[in-house]
Structures are given as structure tokens and as C-alpha cells.
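Colleague: Numbering (mature numbering (1 follows the signal peptide of the UniProt record, and there is no 0)), first residue to last: -24 to -1, 1 to 918.
By construction, the Cβ of each residue, glycine as well, lies at the ideal position given by its N, Cα and C atoms.
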């Protein structure tokens, strides 16, 4: 016996030793990526990825950010990012953007960059149908890395653009952040190095100052190139060696300092009031040393952190209804913060005048979690969900977009955190998840919900100032509400979970319907099924994802067929059903029932249609269809859920948002809808009109008859194999054969010329919105003309308002077209600027419009549009999301789904003469609305 026990002890000891050794091992590098470093220190990551054929994503990553700036350079790391697009050795002036736009690369949407405290990252996705484009793309990266020209004239032109970018940020959020951020970073160097910089430096720095910054820090030992896409890896590595090996660092390079946020064990407290603050909020931030992800043990801790966050979120979701009368909303979680700090952050949105009441409900639950932990049932649900999620991501590994890989390699270069790849991560998750115990997760709560290095920040409107607590009072609250509450016994929860798992989603399966017709549209690989209950199903099988199915359903009607008195109730009816649940499940038990499944369904009632949207994988498609069936046939009316929802909404509306942006938006919506009551923002009085019984009645009216519903299902499935499921759950939906159509409510942009000016806010900034609208004949050709005009306006306004005038950061051009209830178009031109420049810039807009009406679009502008649309269509056609949206729109509007086949031909047919005629037709200015937001007390300068 002693010998047996000794053998067992030795075996256990060897296992523990082996497991310990395994945990100490470093995580491997993703085998799909080739990583290397040139002799000059320049790093490269190269990976073949053919998810998008003839497409490559390039990144230049610099370990260079605003934290490296001297006082005289504040803002120049970000300014340098701008200057990289304004002239380099091989792309002088603005030729870089022009060259790439001709290749179909969009500035802003594709070609872009960002600057943060510790890094500056440039991104360039390019089509490589023409082999020379790959060489050009690499040359762009090389120029960004070391060959920006920094011409003084270009610098002076860009000052106005960057200053306008800084101006756009001004407002309540920025004012509050300027006060909170120094506390959050413990008054470290980060507090004084906001990337946007200071106005004094941006206006007055000399060119040699930014050249010095560029020379000091843009150097190969701080840089990496990332190349992912349809490339030959060996060839790409050779190209990188050839093009980047001669990059040189300064003779005596400055050491790249690493700055930290000191954790001194002290607590901080701050109260901020602002007249534009949106409600009373409390943030509790508890800081801890950052844990890097390097070894197997680190990855195990990473899994623990994710599980902790999941069970924490689930706990608050489950108690939210009970605490609806205490607070508006709460959230909490553990995550990396910045630099060397991780943080447990808890956020509370309080009801007006009831901060302590909200804190009591919030912190009592957090204290309960810290003192008594979670339950085994809670952790089991989280583990199931986490494993399912990781397996789903692993199954799509070969469909991953290049930009997703690039983001991982950016983080690896900047932080050194491991990148084992999703396949390895799924393998590690399957191995380590069973070894993580309830004790591990509960210990995290005890460790991270600590009482040192804790910041408490309260933000509230000025009107609430008198009732806010001081630090002493809040400390008393922490002690008062650290209450020991007996948790639900594990055995009770496990018994409930077991009973729930055994309960069928549908007690009695419905009688199958029958397919009465089946039509193939071979050109689009579509199948149209018609069931004997009238339901129509459009099937589009794809291979863009390995295991993804998305669907939507719609029927004409919506809220439009209800009276104004019922409008608010009809608008909220579907969300109230979601809060109430379906069949034998309330919202909470349904969430638990679906845990571990890749299936979700949501009903909706829009203005002109009602319907269902959802997704699943193939294994859980039956679950998704069962949910759909239940949302049609067995919605639940839950008074407690209704009261909780209305209580939260009432608390939110009791403290209305009074920001300049909100007032401007409300005015704009009112003008554009000709002051229709269904376009105004919700108020407390509107909430009182929402009635649960009537909402339940309206919901059932919308979904009691499926005979005029169309379902569109897109994804990786075999239409023949899923047909029995469709017969079971869609063919069996109730039908009465009614025929409905949406009602025209007469909501449309008014005719004529309308000008409005809103005066609100103290910041020295203005917002301009110009709308040009009208009726038109809806067709593919006309829609393309409108899209081309939009792009011409984007190019011209960017060139005139930003590059020439230096008066705006980023003008935005929008286009809205509608087919029902009437065919209309509307162009929007919007920008932020100095109040002093409003009239000058509006005049510039009209000058540019007059110019393109007289001269037409430049041939190169039309060429850029055609190139971009071809690239965009090629990429879109390979996504499930595009097909779901496109087919839904075509069938909803009763348009031919095969129209997409003519898209490229219509593009080629579009010529300058047609476009000039269209410009003069659609930009005639007869229906023109101008709404301007100005600071209080300032008049427009004529």
C-alpha cells in the first residue's frame, strides 16, 4: 500500500513538474508569418494570405509617438504623420494621394495613418492586378520611413488643417478629458503629451524643429514593415532587403526612452461638473502593473482574465432588471490601460440626484463578487461560451482578412506580446480551460478589486453640483456598501442550469410546410423558394466564410400604418418583446439557454417594414430558426421587464442632453423632415405614451401573418440539406394571406431654399451642414451618376477647403437615395471650422460647384471614381454582408437582383458628357438647405 501511494505521489510530482515547465515555455510565433530583421535594425513581417486575390495590405509601424516630443515639439509627431502625405522623394507634393486614388485606393477609408503616445502607424491596402503597383506600394512605405521632404510651404499649408482638427475636438468631452486624463495616468509624462499638441507650437514651430524630430526618431531600428496578402513570401523578403537595407540611423542615435506610469499606492478623487455633461457618472479605476503575454503561463492568465470579464458582465446583466430603479446602467471589467498599467474599471450611470442609491446597488454587487466570488454554474456557462467562440474563430482562420493579421503584428512589434496565431490559441484554450477552477477566477476578483491605486472620478452637469459628494463621503460609501450578501447556492444554480439544458426550445415541433415552387437564378447562384403559407425564401450559398450564416426577413407595413398616438408604442414594441423573452424563456433564461451556441435572432419594427435579423453557424442554424419561429408565434409579455426598461429610459430622459451638437442635430432633423413629429427626439412625455398591452398587441399584429414575408439567407450551407429545416420552421409560420403596404407619411425634405443658424456652446468652433436635394428617376445608371458626383465633390472639397484654404480638417460628403415611398436624392456637405470662416468657406463650396457645373468633372476624377468602384465591387462581392444587404434591398424594393451583373458595364458607359449633364441636373441648387451651428453670442461674419 505504501509503495502504491509512493508511486502515485511520484507520478503527481512528475506531472506537476512537467506542467510547470510547460507553463514557463515561451509562446511560439505564428508559423504563418515570416519575421526578420535587417542589419540596420529594420524589422519585417511577411505573410501570404489569399482571402482577397490580387490584394496586399502594407503597414509601416514606428515606435515613435508624442511621448518623445520636447516642449518645443508638442504636436509634431502627429504633424509629421500629416506631412508624410504632403511630399516625399518619389511622390512630391500631393502626388502620392493622387497616384493611389487613380489605382482605386481611397484616402481616409483605405490609405490612412494614426499617431498615439508611443507609436505612429501608416496603412496602405493596394490592388496588385498590375504588378508595378506592388513596387509602388513598397516605395511609398520607403518614402514614409525616411524620405519625407518637409517642404516649408507644405508645412505652412498643413498648419491650418491640423489646427482645425484640434478645433473639432473642442467641446464638453475634451474639456472633461483634459481634467480626468492627468489623474488616470497619475500625472506622468503622458499627461502632458496629448498627440494633437498645443496651439502655440502648431502655429509657430519652425521647419527645422519637425525635421529634427523626423531625423531623430524615424529610423530603421524603430520601424517595421508589415506585408500581408497575395504575395510570394520569399520574393517579398528579397524585395524588402533590397529596398530597406540602406536606411540609416543618425551617427549617434538618441536612446529611445521608455516612460512609465508610477503606481504609488495612493488613491485619487476628482469631481468635474460641466454644463454640457450628459448625466451623472462615476468611474472607479483600480490600477495594477501590466502583465505581458509571453509564456504559456501568461496565456493561461489571459484566459482567466477573459473568463473573469465574461462572468462579471453576465452577473451585471442578470441583476440589471432588479436594479433598474437604482441606476441607469453599469459596466465593469479588467483590461490593459496604457503603458505599464492594467486596470479594473467600473462605470456607473446614475439616475438624476441619486448617485448614492446607484452606488449602493452597484458596489454592493461588486463587493459580493469580491468577498464571495462567482458560482460554479456561472463559470461553466462562461467556459462554454469562451470555448465556442475560440473554436468559431479558429474555424475561420483561413478566411481572416489581412488587416486583422496586420493589427496583431503591429501589437507584437510595439509591445512584444506573443502572436501564436488563432489555431494555436484555440489549441491552448482547449488544453488550459479545463484546468482553470472557480478558485482561480474568484482569486482574480480579490486581487484586482483592491483598495489602493484607486481613482474615483465623478462627472455631472453643473445643475447637479450641489448634491455631489466629496472624497470623505465616497470613502464612507465604500465602507457602508461593502456588504456581505449570501450568494445563490451553487447546488441551486447547477440544478436550474441542468433543468434549463434539458428543456426543449420548442415544446411541440410545428407541422412542416411545403415548398410550392423553386426557382434558380444561376447567374447569381440564387434559389428562390415559395412555401404554401406564402413565405418566400431567397438562398445564396457562399464560401467566403467557413461556417457563417446570416439572414434577414421583412414584410411591408412597419410603424407607418399606425396612428401618431400609437407611434411611440409601435416603435418600441419589438425591443420590449426582446426584453420579455419568447416561449418558455424570459430574457435571462433565454440568454443562458443560448450560451455556447453561435445563434442570435432579433425582431424589429421599422418605419416601413417589420422583420427579423439573425446569424448562426451551420450546427446552430436549427436553433436560430427555432428562435425565429418563436418570435413569430410565442412572444412573451413581461411586466417586470417592461417596468425596468421604462424606468431606465425615464431616468435617461429626465436629464436631457443639452449639448450644442444635440441642439444642432435636432434642428437639422426638424428642418429636413419639415418638422414632422415622428422625427423629433424622444421626450419624457413621449415615454408616457408607451403602453405594454398595446405594444404586445401591435407586435402580434405585425408578426401574426407571415404570408408576405421574404427571408434572405446568405452563407456557407447546402440549400438542399437545409431545406428540411426551412420547411419545419419557416414553412410552418402562421399565415392569413393579408396584403399590406407601407403608408406614405409625407416625410420628405422640403423644397426651396432654407437657412437656419443655431447659437449654442462656448467653444470657438462652428459646424456647417449644406443639403442639396430633389426628385429623380431611380435607375442603376442614375444612381451611378449620383455616386460619381459625390466622389467629385469629395475630391474637390478636400482640395479646396482643406488643401487650398486650410480652413477645415475633413469635409464630409454624403449621398442618400430612396426608392420608396418616392424616389429622392440628397447630397450633404458638412464641415467644422472657425466661426470667422463660415461664410468664406460656404462661398468656396458654391464656387467649386459652379466650376464643376461649368467645366464638368476632370477626366482624372472620373477615372478615380471608376477605379475605386471596380476595386470596391470586387472586394464587396466576396463578403456575406454585401450580399445580404444587396439582396434584401432588391427584394424589398421589388427590383431585379440581377442588376449587379451590369454594374461594371454601367461604370464603363459613364462618360464626362453624361456626368456634366447630371451635375447640372442634380446640383441645380433649387432645393437647398443650410444649417449652421455657431457659438453663443457670436454673429456670422458676412
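With distance defined between alpha-carbon atoms, name the residue in 402, 383, 386, 335 nearest to residue 368.
Modeller: One-based indexing of the chain shown puts residue 368 at position 392. The residue with the shortest Cα to Cα distance from residue 368 is 402.
Colleague: When the Cα atoms are used, what is the spatial distance from residue 879 to residue 7?
Modeller: Residue mapping note: residue 879 aligns to position 903 of the chain shown, counting from 1. Residue mapping note: residue 7 aligns to position 31 of the chain shown, counting from 1. Their backbone Cα atoms lie some 40 Å apart in a straight line.
Colleague: Could you have a look at residue 269 and say whether DSSP puts it in helix, strand or coil?
Modeller: Indexing the chain shown from 1 puts residue 269 at position 293. Coil.
Colleague: By the three-class DSSP mapping on this structure, what secondary structure does residue 187 have?
Modeller: In the chain shown, residue 187 corresponds to position 211, counting from 1. Correct three-state label for residue 187: helix.
Colleague: Rounded to a whole number of angstroms, what is the C-alpha to C-alpha distance between residue 80 and residue 201?
Modeller: For the purposes of this step, residue 80 is taken as the residue at position 104 of the chain shown. For the purposes of this step, residue 201 is taken as the residue at position 225 of the chain shown. Cα-Cα distance, rounded: 22 Å.
Colleague: Rounding to the nearest angstrom, what Cα-Cα distance links residue 203 and residue 793 in this structure?
Modeller: To locate residue 203, count along the chain shown from 1; it is residue 227. To locate residue 793, count along the chain shown from 1; it is residue 817. Rounded to whole angstroms, residue 203 to residue 793 spans 38 Å at the Cα level.
Colleague: At least one CB of chain B closer than 8 Å to the CB of residue 297: is that the case?
Modeller: Here there is only one protein chain, and chain B is not present.
Colleague: Apply the 10 Å Cβ neighbour rule to residue 109 and answer buried if 16 or more other Cβ atoms are within range, or exposed otherwise.
Modeller: Here residue 109 refers to the residue found at position 133 of the chain shown. By the neighbour-count rule (16 or more Cβ atoms within 10 Å), residue 109 is buried.
Colleague: Find the nearest neighbour of residue 688 within the set 823, 273, 865, judged by alpha-carbon distance.
Modeller: Taking the chain shown and counting its residues from 1, the one referred to as residue 688 is at position 712. Ranking 823, 273, 865 by Cα distance to residue 688 puts 865 first.
Colleague: Measure the C-alpha to C-alpha separation of residue 621 and residue 394 and round it to an integer number of angstroms.
Modeller: Working through the chain shown from its first residue, we reach residue 621 at position 645. Working through the chain shown from its first residue, we reach residue 394 at position 418. Their Cα atoms are separated by approximately 43 Å.
Colleague: Provide the residue(s) that pair with residue 264 in DSSP beta bridges, ordered along the chain.
Modeller: Counting from 1 along the chain shown, the entry for residue 264 is found at position 288. Answer by DSSP bridge pairing, in chain order: 318.
Colleague: How big is the Cα-Cα spacing for residue 565 and residue 751?
Modeller: Counting from 1 along the chain shown, the entry for residue 565 is found at position 589. Counting from 1 along the chain shown, the entry for residue 751 is found at position 775. Taking the Cα positions, residue 565 is about 50 Å away from residue 751.
Colleague: If we ignore side chains and look at the alpha-carbon of each, how far apart do residue 920 and residue 636 end up?
Modeller: For the chain, the structure presents residues -24 to 918; residue 920 sits outside this window and is missing.
Colleague: Going by C-alpha to C-alpha distance, which of 298, 606, 56, 753 sits closest to residue 173?
Modeller: For the purposes of this step, residue 173 is taken as the residue at position 197 of the chain shown. Closest option to residue 173, Cα to Cα, is 56.
Colleague: Thinking C-alpha only, which one of 335, 281, 365, 701 is nearest residue 571?
Modeller: Numbered from 1 along the chain shown, position 595 holds the residue referred to as residue 571. When only C-alpha atoms are compared, the closest one is 365.
Colleague: What are the residues that DSSP puts in a beta bridge with residue 906?
Modeller: Sequence index remark: in the chain shown, residue 906 carries index 930 (1-based). Answer is 731, 746, bridged to residue 906.
Colleague: CB-CB under 8 Å to residue 715, same chain, minus the five flanking residues each way: which ones, in chain order?
Modeller: Position 739 of the chain shown, counted from the first residue, corresponds to residue 715. 684.
Colleague: Would you mind giving the Cβ-Cβ distance between residue 119 and residue 66, rounded to the nearest angstrom? I have them listed as a contact below 8 Å.
Modeller: Counted from its first residue, the chain shown places residue 119 at position 143. Counted from its first residue, the chain shown places residue 66 at position 90. Contact holds; Cβ gap of about 5 Å.
Colleague: Taking the continuous alpha helix (DSSP H) assigned at residue 622, which residues delimit it?
Modeller: Walking along the chain shown from the start, residue 622 turns up at place 646. Unbroken alpha helix (DSSP H) run through residue 622: 615 to 630.
Colleague: Short of 8 Å in beta carbon distance, which residues of its chain neighbour residue 286, apart from the five on each side in sequence? Order them along the chain.
Modeller: On the chain shown, position 310 is the one that residue 286 refers to. 358, 361, 362.
Colleague: Kindly list the residues whose CB is nearer than 8 Å to the CB of residue 913, restricted to its own chain and excluding five residues on each side of it in sequence; keep chain order.
Modeller: Counting from one through the chain shown, the residue named residue 913 turns up at place 937. Only 735 meet the Cβ criterion.
Colleague: Mapping DSSP to helix, strand and coil, what is residue 587?
Modeller: Taking the chain shown and counting its residues from 1, one reaches residue 587 at position 611. Reduced to three states, the DSSP call for residue 587 is strand.
Colleague: Distance check for residue 310 and residue 421, CA to CA, integer angstroms please.
Modeller: The count along the chain shown starts at 1 and reaches residue 421 at position 445. The count along the chain shown starts at 1 and reaches residue 310 at position 334. If you take the alpha carbons of residue 421 and residue 310, they lie about 10 Å apart.
Colleague: Just to confirm the assignment, what range does the beta strand (DSSP E) spanning residue 776 have?
Modeller: In the chain shown, the residue the question calls residue 776 occupies position 800. No beta strand (DSSP E) holds residue 776; DSSP gives it neither H nor E.
Colleague: Hey, quick one: how far does the beta strand (DSSP E) through residue 458 stretch, first residue to last?
Modeller: Working through the chain shown from its first residue, we reach residue 458 at position 482. Neither: residue 458 is in no beta strand (DSSP E) and is coded neither H nor E.
Colleague: What is the DSSP secondary structure of residue 889, reduced to helix, strand or coil?
Modeller: Locating residue 889 in the chain shown gives position 913, where the first residue counts as 1. Note: residue 889 maps to helix in three-state DSSP.
Colleague: Residue 405 to residue 379, Cα distance in whole Å?
Modeller: One-based indexing of the chain shown puts residue 405 at position 429. One-based indexing of the chain shown puts residue 379 at position 403. Those two C-alpha atoms are separated by around 24 Å.
Colleague: Is the CB-CB distance between residue 747 and residue 769 below 8 Å?
Modeller: Here residue 747 refers to the residue found at position 771 when the chain shown is read from its first residue. Here residue 769 refers to the residue found at position 793 when the chain shown is read from its first residue. No; because the gap between Cβ atoms is not below 8 Å, this pair is not in contact.
Colleague: Please state whether DSSP places residue -5 in a helix, a strand or coil.
Modeller: Start at 1 with the first residue of the chain shown, and residue -5 comes out as number 20. Looking at residue -5 - three-state DSSP - the assignment turns out to be helix.
Colleague: Between residue 142 and residue 150, what straight-line distance do the alpha-carbon atoms span, to the nearest angstrom?
Modeller: Counting from 1 along the chain shown, the entry for residue 142 is found at position 166. Counting from 1 along the chain shown, the entry for residue 150 is found at position 174. Rounded to whole angstroms, the gap between the alpha carbons of residue 142 and residue 150 is 10 Å.
Colleague: Rounding to the nearest angstrom, what Cα-Cα distance links residue 24 and residue 377 in this structure?
Modeller: Here residue 24 is taken as the residue at index 48 of the chain shown, counted from 1. Here residue 377 is taken as the residue at index 401 of the chain shown, counted from 1. Roughly 11 Å between the two C-alpha positions.
Colleague: Is it buried or exposed, residue 798, if we count other Cβ atoms within 10 angstroms and call 16 or more buried?
Modeller: Within the chain shown, the letter at position 822 stands for residue 798. When all chains shown are included, residue 798 counts as exposed.
Colleague: Could you name the residues that DSSP lists as bridge partners for residue 23?
Modeller: In the chain shown, residue 23 corresponds to position 47, counting from 1. 204.
Colleague: Do you know whose CA, among 898, 338, 315, 312, lies nearest residue 920's CA?
Modeller: The question about residue 920 has no answer, for the chain in this structure spans -24 to 918.
Colleague: Using 8 Å for Cβ pairs, my map puts residue -2 next to residue 276. What's the rounded Cβ distance?
Modeller: Sequence index remark: in the chain shown, residue -2 carries index 23 (1-based). Sequence index remark: in the chain shown, residue 276 carries index 300 (1-based). Rounded to whole angstroms, the Cβ separation of residue -2 and residue 276 is 7 Å, and the two are in contact under 8 Å.
Colleague: Alpha carbon to alpha carbon, how far is residue 545 from residue 537?
Modeller: In the chain shown, counting from the first residue as 1, residue 545 sits at position 569. In the chain shown, counting from the first residue as 1, residue 537 sits at position 561. For residue 545 and residue 537, the distance between alpha carbons rounds to 13 Å.
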